[in-house]
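Chains C and F supply the protein sequences, listed in that same order. With the first letter of the first sequence counted as 1, position 63 gets the number 114 in the working numbering; the numbers rise by one all the way through. With the first letter of the second sequence counted as 1, position 115 gets the number 563 in the working numbering; the numbers rise by one all the way through. All residues carry an ideal CB built from backbone N, CA and C; glycine is no exception. Report on one structure; see the data block that follows.
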Amino acid sequence: MGGYILRRLLHVIPVVWGAVTILFLLFFIVPGDPVQLMAGDRAVTPEVRANIEARFGLDKPWYVQYGDYLKRLATGDLGVSFRNNRSVNTILGEAAPASLRLAIWAIIIEVIVGISTGLVSAVKRYSFTDVLTTVSTAMLAAIPVFVLGAALQYFLGVYTFQHGFPDWARFPVQGIGPDTWTFFFIPTGSQWRYLVLPAFTLAAVSTAVVARMMRTTMLEVVRADYMRTAASKGLNRRQVVLKHGLKNAMIPVVTLIGLDLATLIGNALITETVYNWPGLGTRLLGAIVSRDAPIVLGITAILVLTYVLMNLLVDLSYSFFDPRIRYGKEATA
Amino acid sequence: MSTTATDQQTAAGAGAGAAIHAELPPSARGDVWRRFRRNRGALVGLCIIGVAVLAAIFAPLITFYDPAQINPAISRQGPSLQHWFGVDLLGRDLYTRVVYGARVSLRVGFFATAIAVGIGLAVGAVSGYYQGWIETVTMRTTDIFLAFPYLLFAITIIVIVGRGELTVVLVLGLLGWMTIARLFRSSILSVKQTEYVEAARAVGCSDLRIIGRHILPNVIQPVIVYATLFIGGAILAEAALSFLNVGIAEPTPSWGLMVAQGRSFLFTSPHMLFAPGLALFLVVLSFVFMGDGLRDALDPRLR
């Protein structure tokens, strides 16, 4: 097992390297002018230009800069922003928690709501509940994140406000609010009111996809021999479904949750923009538009790394859901 | 313009399917159409897409204004008899812009999908057919592309290259081929050892002919299903990019742009948001329904 994890971790390196390289080259193919970017609208004297270029290594050929960047990346130093001269690591440290909190809640909703609705839908196949969830999940999976976000903002924020609904039905539509949390991710005070809409918006598409997948696999599992065996042993329906069914249906669902992370990252970008949530997405988008290469490269490297590591976790979880799956040496034995 | 051609072909194809079913004993194609027809969601999807396609083709005939004609005097006016969906910030008629927006969305959807399918088939074929180091290189490249958050990559490239419809189409196509390549590669691996491929090789067919004429028609079904879903995905991605202000530029009527503008006036003029948002939602949903229906119709073993 340890050897397998180590080998998989080594596979992470080329992927992150590839992503960073592609972006690095992209930023160099197009002649931008980082020095002018730093100066803003002010004119740049040749001396100042030479100074800045020397300081950031911009006077060297691109392959030397690329080598330097990779060297610094290997030591965990993501460089300095072109725009405000602050360390990218610091900026990441400021913006990451907000994104992480939003993502944690979205994944919690995705897993709990997605799996339970899919399960109920499959067990009560063709019932009213099943039809309702099938139709609503199909619709939810197709609704554009920013349309859903704006619709939620309107109906639960603006409309309820304009028509004098009670306070509990009026949600704030912008910003992160007081930003108070305990244990890093549990909202305290009125914080949850600011969290609800963005978290549901971000979770919606993924939840629907998970529910659909859960329903499909569960319908296959229900027909399996071991389910009949478990039932004929005299276990009650609840035990049969939850202990024998659910665990066996989990592998495709967990795989999907892992693969879906890429979608989740993209959707987080949009969700943060819609709700002005001060996370990595808003920072990244701002940096992309202003061509602040160090921030774009830094945040992207972190996002790709997270994505690849999460998928490694997903692969490792297989042996929990299906003990027949073994990794490393035991597999060949 | 070419969108028009593609759509007419699609429509003709569907019609031909029905005709075959009526006149001949059940053929494979008739079977597919019969199973597809039984799926209500898929039929509704097909109808909505049909309406969207017709609206896109005949946009000038069914609208009463110029999509770019501004009239600041009536800025942000709500729906009325003159302006069914209301008007936007610059006083442009939203009904007209939503109808013309179908052109943009469908064009982007079809062309991006065509590019993605083309690259995907080529990479998948080469990788599955030749194996060896070619396979290693192509599949590792695929992995790297897959590990990249799609939207993030698209935004970066567009910001660097410059926004516009052509860029969006190219970027969405160039970033979307990986799943098709994998699908096609595994399909090829599964039929490569079959007797009919061996027979084709024995009579001296070239590699290209074996892949194109003997393998492709036998394994194309999952690709067709994925491509249908991909059209919806590409339309969604274009809208998202335009919404984030890095996709299609004003004054082109893109649904994503319209939603973005409407969002700024959520408190006073929500109508600006709902018409384009609903159009986008319906079209994307239709492609999802149609893809699901096609999958069930093409592979009766599922479900």
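Buried/exposed call for residue i, threshold 16 Cβ in 10 Å
i: Gly-681 (chain F); result: buried
i: Phe-206 (chain C); result: exposed
i: Tyr-120 (chain C); result: buried
i: Ile-510 (chain F); result: exposed
i: Leu-293 (chain C); result: exposed
i: Thr-383 (chain C); result: In this prediction, Thr-383 (chain C) scores a pLDDT of 45, lower than 50, which makes its location untrustworthy; the coordinate-derived value is nonetheless stated afterwards. Result: exposed.
i: Leu-60 (chain C); result: exposed
i: Arg-711 (chain F); result: buried
i: Gln-385 (chain C); result: This structure does not reach residue 385 (chain C), given that chain C is present from 52 up to 384, and the question cannot be answered.
i: Ile-582 (chain F); result: exposed
i: Glu-643 (chain F); result: exposed
i: Gly-461 (chain F); result: Confidence in Gly-461 (chain F) is poor, its pLDDT being 44 and thus under 50, which makes the residue's placement unreliable; the coordinate value appears in the next sentence. By the neighbour-count rule (16 or more Cβ atoms within 10 Å), Gly-461 (chain F) is not buried but exposed.
i: Ser-638 (chain F); result: exposed
i: Thr-231 (chain C); result: exposed
i: Val-272 (chain C); result: buried
i: Phe-371 (chain C); result: exposed
i: Gln-530 (chain F); result: exposed
i: His-719 (chain F); result: buried
i: Ile-683 (chain F); result: buried
i: Tyr-548 (chain F); result: buried
i: Gly-534 (chain F); result: buried
i: Pro-515 (chain F); result: buried
i: Pro-520 (chain F); result: exposed
i: Ala-313 (chain C); result: buried
i: Trp-219 (chain C); result: exposed
i: Trp-113 (chain C); result: exposed
i: Gln-225 (chain C); result: exposed
i: Val-325 (chain C); result: buried
Where the alpha helix (DSSP H) through residue i begins and ends
i: Ala-282 (chain C); result: 276-283
i: Arg-649 (chain F); result: 643-650
i: Gly-165 (chain C); result: 139-174
i: Phe-372 (chain C); result: 344-372
i: Glu-98 (chain C); result: 97-107
i: Arg-588 (chain F); result: 580-594
i: Lys-122 (chain C); result: 113-125
i: Ser-734 (chain F); result: 719-746
i: Arg-334 (chain C); result: 331-340
i: Ala-675 (chain F); result: 669-691
i: Leu-315 (chain C); result: 298-326
i: Gly-130 (chain C); result: Segment: none, Gly-130 (chain C) is in no alpha helix (DSSP H) and carries neither H nor E.
i: Arg-711 (chain F); result: 703-711
i: Pro-85 (chain C); result: 85-90
Beta-carbon neighbours of residue i, restricted to chain F and to distances below 7 Å
i: Trp-77 (chain C); result: In the sequence as presented, Trp is not what sits at residue 77 (chain C); that position holds Leu. The answer, in chain order, is Thr-604, Ile-605 and Ile-608.
i: Tyr-205 (chain C); result: Leu-714 and Pro-718
i: Ala-313 (chain C); result: Pro-597 and Tyr-598
i: Leu-74 (chain C); result: Thr-604
Chain C residues whose Cβ lies nearer than 8 Å to that of residue i
i: Arg-483 (chain F); result: Those do not exist, as Arg-483 (chain F) stays about 18 Å from chain C at its closest Cβ, beyond 8 Å.
i: Leu-728 (chain F); result: Pro-195 and Val-198
i: Gly-725 (chain F); result: Pro-195, Val-198, Ala-201 and Ala-202
Whole-number beta carbon distance between residue j and residue i, since they are thought to touch under 8 Å
i: Met-706 (chain F); j: Arg-545 (chain F); result: 6 Å
i: Val-616 (chain F); j: Glu-686 (chain F); result: 5 Å
i: Pro-223 (chain C); j: Gly-200 (chain C); result: About 13 Å separates the two Cβ atoms, so there is no contact after all.
i: Leu-88 (chain C); j: Arg-123 (chain C); result: 20 Å between Cβ atoms; not a contact.
i: Val-501 (chain F); j: Leu-554 (chain F); result: 7 Å
i: Val-673 (chain F); j: Leu-726 (chain F); result: About 26 Å separates the two Cβ atoms, so there is no contact after all.
i: Tyr-577 (chain F); j: Lys-640 (chain F); result: 7 Å
i: Val-71 (chain C); j: Leu-348 (chain C); result: 6 Å
i: Ile-563 (chain F); j: Val-731 (chain F); result: Not a contact, Cβ separation roughly 20 Å.
i: Ala-675 (chain F); j: Leu-599 (chain F); result: Actually they do not touch by this definition, with Cβ atoms about 20 Å apart.
Neighbour list for residue i in chain F, Cβ cutoff strictly below 8 Å
i: Tyr-358 (chain C); result: Ala-595 and Pro-597
i: Val-355 (chain C); result: Ala-595, Phe-596 and Pro-597
i: Leu-336 (chain C); result: Ile-603 and Leu-692
Proximal chain C residues relative to residue i, where beta-carbon distance stays under 7 Å
i: Ile-592 (chain F); result: Val-66, Gly-69 and Ala-70
i: Leu-754 (chain F); result: Since the first residue shown for chain F is 449 and the last is 751, residue 754 (chain F) is missing from the structure and cannot be characterised.
i: Val-736 (chain F); result: Ala-189, Ala-192 and Ala-193
Contact set between residue i and chain C, taken where Cβ atoms lie within less than 9 Å
i: Ala-675 (chain F); result: Within chain C, no residue comes near Ala-675 (chain F); the closest Cβ sits about 17 Å away, beyond 9 Å.
i: Ala-687 (chain F); result: Pro-195, Phe-197 and Val-198
i: Leu-733 (chain F); result: Ala-189, Met-190, Ala-192, Ala-193 and Ile-194
If we require 4 or more residues per run, which alpha helix (DSSP H) segments fall completely within the stretch 472-558 of chain F? Within the stretch 472-558 of chain F, the complete alpha helix (DSSP H) runs of at least 4 residues are 476-486, 488-505 and 507-510.
Runs of 3 residues minimum, wholly inside the stretch 236-273 of chain C: which ones carry the beta strand (DSSP E) assignment? Uninterrupted beta strand (DSSP E) stretches at least 3 residues long and entirely within the stretch 236-273 of chain C do not occur.
Write down every uninterrupted run of the alpha helix (DSSP H) in the stretch 602-667 of chain F whose length is 4 residues or greater and which is fully enclosed by it, in chain order. Those alpha helix (DSSP H) runs which fall completely within the stretch 602-667 of chain F and span 4+ residues are 613-622, 626-639, 643-650 and 664-667.
Pick out the complete alpha helix (DSSP H) segments inside the stretch 177-227 of chain C, 4 residues or longer, and give them in chain order. Runs of the alpha helix (DSSP H) inside the stretch 177-227 of chain C: 179-193, 196-204 and 210-213.
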